Amino acid sequence: MESSIFDLETGLKKQLSELTDDIRTIETSLMVSKEAYLKVQGALEILDILRKKVKEDDAALKAALSDIGAD
């Protein structure tokens with residue numbers, strides 16, 4: 357009987373260790389994915405800023421050309 361309890365304890369400790377390793381691996385993977393997500397999100401924000409700037413510059417150029425054509 358005591359042998360069965362010891363075997364069960366050994367098996368449970370091994371399972372606990374494996375699950376601990378799995379959690380560490382998954383947490384590392386999650387951190388890498390979060391970093392990649394934030395980089396892509398930042399890149400999209402930069403593109404949005406650039407798009408607005410180009411639109412403003414185009415409008416200013418059109419207005420300047422319009423002024424030149426009016427002279």
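All residue numbers for the sequence shown refer to our numbering, where the first residue is 357 and numbers rise by one. All C-beta atoms in this analysis are idealised placements derived from N, C-alpha and C, irrespective of residue type, glycine included. Only a predicted model underlies this, so the values are computations on that prediction, with no experimental measurement involved.
Is residue i helix, strand or coil when you go by DSSP?
i	result
Met387	helix
Please report the distance separating the alpha-carbon of residue i from that of residue j.
i	j	result
Ala399	Ala392	11 Å
Asp378	Leu403	37 Å
Met387	Leu406	29 Å
Lys369	Ile361	12 Å
Ser359	Glu365	10 Å
Lys411	Lys418	11 Å
Gly367	Ser373	10 Å
Gly425	Lys408	26 Å
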